[in-house]
Structure formats: structure tokens, C-alpha cells
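With positions in the sequence shown counted from 1, the corresponding number in our numbering is that position plus 43. For each residue, glycine too, the CB sits at the ideal point set by N, CA and C. Predicted model, so just to flag it, every value in this text is computed and none were measured. Read through the structure below, which is laid out as C-alpha cells, and then see the notes.
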Amino acid sequence: WLDANERLTDAQKGFRHFNGCNEHAFIASAILDQTRRRPRELHMVWYDLRNAFGSIPPSLMWCVMRKIGVSSSFVSRCENIYHGSFTTIANGLGGATEPIRHELGVYQGCPLSPTLFIVGIMPLVRALHGLRSSGVQLAADTSVSVSAYADDIKTVSSSADGIRQAHKIVTDFLRWSTMAANASNYTYLGVGDGFDRVKQRVSIVPTIQSLKRELTAIFRSDLAPWQMVRAVKSHVIPKAEYLLRHVRPLQQQLQAFDSALARGVRHALRLPPVSLSAVMYSPPGSGGLGFVKMTQLLAATQVAHAWQMLHSRDLSVRTIARAQVMQIVQKRFTLDAVHWRDRDAELIQLFLNSELAASPFATAKRAHGDVGSLWVDVQRHLRTMELRFTNETFTAQDGSVTERALQLRVPHHRKVLQHKTVARQIKQHIKLLALAEWKAAADQGRTVRAHGQLGSAFMNRGGGLSDAEYRFAIRARLNLVCTRAVLKRMRQLRTPTCRVAGCTHAETLPHVLNHCKGSEEIIRGRHDNVLALVRREVEAAVERSQGAFSAHFEEQVEGFTGAAFRPDIQLFDRSSRAVVISDVAVAFEDQTSEDTGSSNLAFVHDVKLRKYAPLVRHLERQGWRVKLSAIVFGSLGSVSPRNFKILTEDLHLLKKTANKTLRSASTAAIKASHRIWRLHAGGEQIRQARGTTGDRVATANADANAPPTERTRSVKATQQRHNDKMDACGSLETCAWDAQHLQQQQQQPLSCQTRVLAPASAHAAELVLAAATRAEVQWRAHRTIYTCDGSGRAARHAFSRW
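Printed below as a string of C-alpha cells:
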């Protein structure tokens, strides 16, 4: 009612239907920027009222409401809410205090209280707003003397007399209303005398350091890796967003946080330093972690903030924003006044798009003497993010067509950005740029196009995966699992041949998870696990149909004399003579281009259709209408885009059930693939040594039953730390130092019989074996090939045999 009937002035930004907090801060920033750009006198006083919401008299609110034309019935209802109200406090002995009468202030927690409060201080804001003649001129027809956000009141003036006049109005109102200013928060922010006049730039170092401490606490906690990711995105990074919107920090300060975040994520997920950082900043729906670099978050928030100010619903803010850009243009360019007359929007758009210098009607000045500001930063951010302001055509409800400048689009969103979507869509655009970088990686980006949203649901939910399975899924999708092909590429092995006896294929991850002869049984078990999940829901759907359908699983079709086909799912509708044949498959999710036909999942789907084509022809000859399909999943959790439609339309699952089934099948495939890799890499001996649940390298010391001492505790702690680093494919120098440290503490050489080593850490394993024979290990850098003396040959030979 207040907005519709224009009872509130635009100077009051608090609790309005628009983003008043940002506009309140923008006006103060614009005043300071203009004063720095055009040195002239400026006086500002910012008021903080003491216990403002708890000290405003209710009678003041009722009086103002009647003066501005609020209906008497509504005012009476509000008075009845407050009249005679009191509070009692019960104690632990069953008694209660005497009634505490409510005489001042608005109710805490009542949704009506903020609106009542801004109505109560309306006389003050209106009186200050009437002093625009002594305010600060920010545009041709716009002068600002006050800006308020609820009880946060800022008065400005271009003269000392003007600010004294405003201060007198504030003090008179506070005295009349029995409210008071909080003088304890007073600080002088003006120019100092003599050597006190020092130019300072706002530093957010304390905030960044606080956020880094929170990062450390999260990454050192006992949370699961996916919980760490969610905690950082939900509780750490958002704390900096408001600050970045209104402060221009140094890039080095933000880069320090980005480096700390990258180190923490790699530590939590046990990723080596060579892992592509783009996976951290890609959208979760594509298999990324969904982080945004602090430097890129600064760009996104500033561009969104600038766009919102250029298109503010408050005409004065919109005018001030455009006038600010015009001042910068006039400061940095020599303009042809005749050409640019009445073309301000076009001029602003060309400047922000960094295209004004190419115009023959504008010449850049060699020395302009301008100051840095939000708009200069926005110009740079638009170039970095490959965005630009454009002219867009809009059609009104009456059919009239208008063209508006300074509109913003992002490639992935077909609509022009609006106030509520601009920040979110720009952040999504930044994440998609990281995704494009990930896709461009020939090795680590080979599976990213196939992940899909359902196949990446576990990234933010965990999906019931253990820590080891979650980390394996991410490492495997980056092709960083230490197969022999990967180790040969890293120059740590001479041959990439599969370690299974008799297998001559290269030991790549697709070979291990899908084709290795030594893992055939468990690979079939993975298919059966996925099929069991789908079968359970199909049986529930058949039962829900009350006899309309009948289902058969892994059975031969009656009367078919060809190959002994056993489709995984057969769904018969005998009333309409229709049958659905569907087969479940788990394949490795290679995809080399954006074309879904290039995906290995699509290839396997087509193979299944060709396989069962004779069976389809047989059923069609018998008068059945046959629908043939394949439900295909990736070995690393990817879900074929066709699966959802097959489950809902062909197999009659509910949409909610289909989504749940696909997510469960995705994580089931990951669990089985992790088990396949561990059994392939370790063999039966490692399975027995590690047990069924351990994620660390097992030890088999002969003195394990001896009473623990400080010395043995120290040795075990060092061994555990060494094992952790080996599981994470740690650096060569660190593993070598730990191996030597173990040998010094035990005062005896390590032997390969005392430890069972994880083959996922081949370079660390060989270092320990070299230390066991007292070899002299040398290294110069992280990836440098290490050498051993003559006594190390036996260790190298023993490792290769093992």
C-alpha cells in the first residue's frame, strides 16, 4: 500500500520490494567516487540510532499512519495489537514474574514490525529529503541529501552550513520522539591534518584470513569429502559475497584464498597436484564441484551489481549510475559533442564493452587522471568473461515494440537477464567456462561430456558412497587412477601391459573396469547389482498395474529358435499385444565431442538394439508390437540420457521413482568399479592383508602384539602418515623422507615382507623397497626419475615381480 500510493520517499531503502541495501551502499560509494574524481567540498554524517526498533514510540507510528491516509480501521487494529500488551517470564520453580508492560518499540519477530518502523521515522526522512538544494549534485537533475536503510541514516551536503542544517533536523526529531543516537559508535572518517593525511585502500585481509581459518577447520574435520565441499560452498564463500560487491580489493588478497581452497580440496579428495583445477569450478550437474574462484566471484558480483544499478527501479539511482559512467567517459576520452548529443545510452554501452576507442567520434586521452571505480572494473570483467551489453527488443502487452540498450545475456540462457537472475546466471556462466576448459583436456576430460546431472548427483549428496569410493570416482573420472598406462605416461614404469598373467592389453582404466579377463566375475556382478535395482522397481510397477502387465527377467522368449537370447527385462501387455524388451548394460563413458552419438554409452545402446533385432522380428511376426531399448550406465556412474524416458514411458515407473532408481544405479556402479580396481590392483594377498573395510595400507609387523611404547607409537604414526601419502599418490620427496625416517626410528632396514604396499602408489612403493635394501635414493624434482645404486637392483626386481 505504501509503495502503490507513493507514501514512501525513494530515500528510504529499507524493507522495500527492491534491493535497497545495495542501492543504499551504491549511493554512498557514488558520492565518494565523484568527490575523488572532481575534488570539491563534501560533508557527510552517518547516524546509528540506539536500540532503534526497541525505542520508537507506538503513538508516533499511529500518528504518522493517520497523517499519510491509512484507513482508521487498520490503524485501530494495529493499536489493539499493542495496547495493554505485556510479557511475563516463567522461572524453573513454576512461578512467573510480574507483567512487564510493553510501552516502547515494535514487536521482535513480527512481520509487520519493519514496515511500522519505517513509517514511524518517515517524518525525519522526508524532512532531510527536502534539503536537496544543499545536497550533493550527482546528476543533472538529481541531488542527494539523505539515504536511509531503516534506522541507518546518511546525510550529505556540499557545504558546512547544509550539513549543520541536516544535523539540527535529526537532533530535533530524536529529542521530540524520545529516541537517541548511538554516540559510542562515532568515528571521524575525514581528512587528517599534516602527516595524518594518508591514502589508504580498503583491505579485506582480515576477512580472507578468517575464511582461510574456517577452510582449515573444515578440511581437517572428520566430515566426509562431499560434506566438506557443501560446507565450504554454503558457509564460507557466501560470507565474502556482500563485501566483494561494494569493495575493490587487491587481486593478490583474493588469489591467496583461491590457492588455499585448491590445496584444501586436493587434500580432501586425495588428488595429485597434476589434477585439472577446472573440475573444482565446473557445475555439479556436469560432475564438477561447483566452486567459484574468489577472483571470479568478485567479477560476477560487480557485474551483477552494476547491471542492477543501471536498471534500478528507483529513477534517481538509475540516473546516478549512468551519470557516473558518463563522467568517466568524459574524463578518459575526447568526445565529438555533436555526434553524441542525446546518445548517452549508446555511449555508455560502447564504453563498458571496451568498444568506444574504435569509434571515430571518441579519442582516448593519453593522460586522463581518472580514479579507479566500479565501472572501470566492470569493463575489465566483461572482457574476461566474454560478455557484453547489447540492444534488445521488447514487446509490451499492447503490442508496441521498443528497443532498450544496456541489456545483458549469457550464452546458456535464452532470456534477457532480470534483477532476480542476473547474479545467478553470471556465476553459472563462469562455471560453464571452467567446464569448457575441462572438456578441452584430452586426457582428464575424456568422460566429462557423459556425466550428466543424474550421474553426478552423488557429488553434493554422497549417495551412500564411502570416502574411498567417492575419491575413487573423482580420480577415475580425471583418469588419475594409477594404472600401468598412467604410470608409464608419468615415466614411472617401462611397460603399460596389464599386470594380470596372460593378458597382453595395455592396462588402461577402461580395460580394467570393463574388459580385463581377470575381473570377469566381478564385472558381471556389477551388471547384476544394477539390474537388481531396476528389477525391484519394475516389479513394483507391475504389481501396481493390478495384472495389466506381466514381467519376465533374464528369460528366453518362448518359441524363438535362434540364439539363446535372455533379455534382462521383458514387459508384456497381452491386452494390447505390446511388449517392451530392455537390456541393462554398464560401459565405460568415453565421449569425444558434444554429439551424443560419439558417446560410448550411445554406441553400447546401438549394439544392444542390433543384438536383439532378430528377437524383435520374431515377436512382430507373431503379432506383437515390440519396443526395444537399452538402459545404459557408465562404469564411473554416468547415466545415459535415454534412461529416464525408458523407465517412465516404457517400463511405467513414476518420475520420482525413476530419478531415485537412476541415482542409486549410478552409485552402485561406482561402488562395484571401485571394488574391481582394488581387486585388480591388489590381488588376493592385498585383500587378505587389508581386510574388507580398510582404506589404508595394512601392516603386518611381527611385534604387533607387544605392549605399546612411545617409540612404537611414533613409528606407527609415521607409518600411518606415510600410508596416507602413498594412497594419495603423494610427492616423491615426501614419501622418500618418510621411508628414511621409518628406517632411522626402527634402527633396522625395512623389508618387503613387513609391509604390503598399495600398487596405486608405485613410485612410493619402490622408494620403500629401495630403502629396505639401504639403497641411495636421489631426486631433484617432483617428476624427476630417481636412481638407485647397485644394491637397489634387487629391490627394483622384487617390486617388478610383486
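About 5 angstroms separates the CB atoms of HIS648 and ALA673; that is less than 8 angstroms, so the two are in contact. Taken in chain order, the unbroken stretches of alpha helix (DSSP H) that lie wholly in the segment 644-731 and span 4 residues or more are 656-664. According to the DSSP secondary-structure assignment, LEU614 is paired through a beta bridge with ALA594, VAL623. Take ALA95, set aside five residues on each side of it, and the residues of its chain with a beta-carbon closer than 6 angstroms to its own are ASP194, in chain order. Burial state of HIS411 is exposed, judged by a 10 Å Cβ sphere holding fewer than 16 other Cβ atoms. Pairing SER499 with PRO327 gives a Cβ-Cβ distance under 8 angstroms. For TYR90, the enclosing beta strand (DSSP E) has its first and last residue at 86-91.
Our two residues, MET533 and ARG288, have alpha carbons roughly 44 angstroms apart in a direct line.
Spanning the alpha carbons of LEU378 and VAL465 requires a straight line of approximately 32 angstroms. Under the Cβ criterion (8 angstroms, minimum of three pairs), the segment 545-556 does not count as touching the segment 687-706.
Between GLN370 and GLN77 the beta-carbon gap is near 7 angstroms, inside 8 angstroms, which marks them as a contact. Rounded to the nearest angstrom, the gap between the Cα atoms of TRP667 and VAL682 is 30 angstroms. The continuous beta strand (DSSP E) containing LEU378 extends over residues 376-378. Going by beta carbons, PHE432 and LEU417 fall outside the 8 angstroms limit. The DSSP-derived three-state label of ASP510 is helix. Assigned with DSSP and collapsed to three states, GLN345 falls in helix. For THR131, the CB contacts under 6 angstroms within the same chain, skipping 5 residues up- and downstream, are ALA139, THR140, PRO142 in chain order.
Runs of the alpha helix (DSSP H) lying entirely within the segment 392-453 and spanning at least 4 residues, in chain order: 417-428.
According to the DSSP assignment, TYR285 belongs to the alpha helix (DSSP H) that extends over 281-289.
Counting C-beta pairs closer than 8 angstroms gives three or more between the segment 624-632 and the segment 643-658, which meets the contact rule. Separation of ALA311 and ALA485 (C-alpha to C-alpha, rounded to the nearest whole angstrom) is 25 angstroms. Inter-residue distance for ALA321 and LYS56 is about 40 angstroms (C-alpha atoms, whole angstroms).
In the structure shown, TYR150 adopts coil according to DSSP, grouped into three states.
In the displayed model, ALA68 falls within a helix according to three-state DSSP. Its chain contains THR362, ILE363, ALA366 as the residues whose beta carbon lies nearer than 6 angstroms to that of ALA182, once the 5 sequence neighbours on both sides are disregarded; these appear in chain order.
Relative to PHE216, the option among ILE164, ASP184, GLY205 whose CA is nearest is ILE164.
In this structure, THR547 sits away from THR538, with a CB-CB distance that is not shorter than 8 angstroms. When the beta-carbon positions are compared, LYS470 and ALA305 stay at least 8 angstroms from each other. When the Cα atoms are used, GLU429 and GLU84 turn out to be separated by approximately 40 angstroms. Taking a C-beta distance under 8 angstroms as the contact criterion, VAL199 and MET87 qualify as a contact pair. Secondary structure note for SER102: its alpha helix (DSSP H) is the uninterrupted segment 101-110. Scanning its chain for C-beta atoms nearer than 8 angstroms, with the 5 sequence neighbours on each side dropped, one finds around VAL279 the residues LEU254, GLU257, LEU258, ILE261, in chain order. Residue state for ILE143 is assigned as strand, using DSSP reduced to three classes. In this chain, SER202 is not harboured by any beta strand (DSSP E), its DSSP state being neither H nor E. In this structure, the beta-carbon distance from SER562 to ILE719 falls below 8 angstroms. According to the DSSP secondary-structure assignment, HIS456 is paired through a beta bridge with VAL453.
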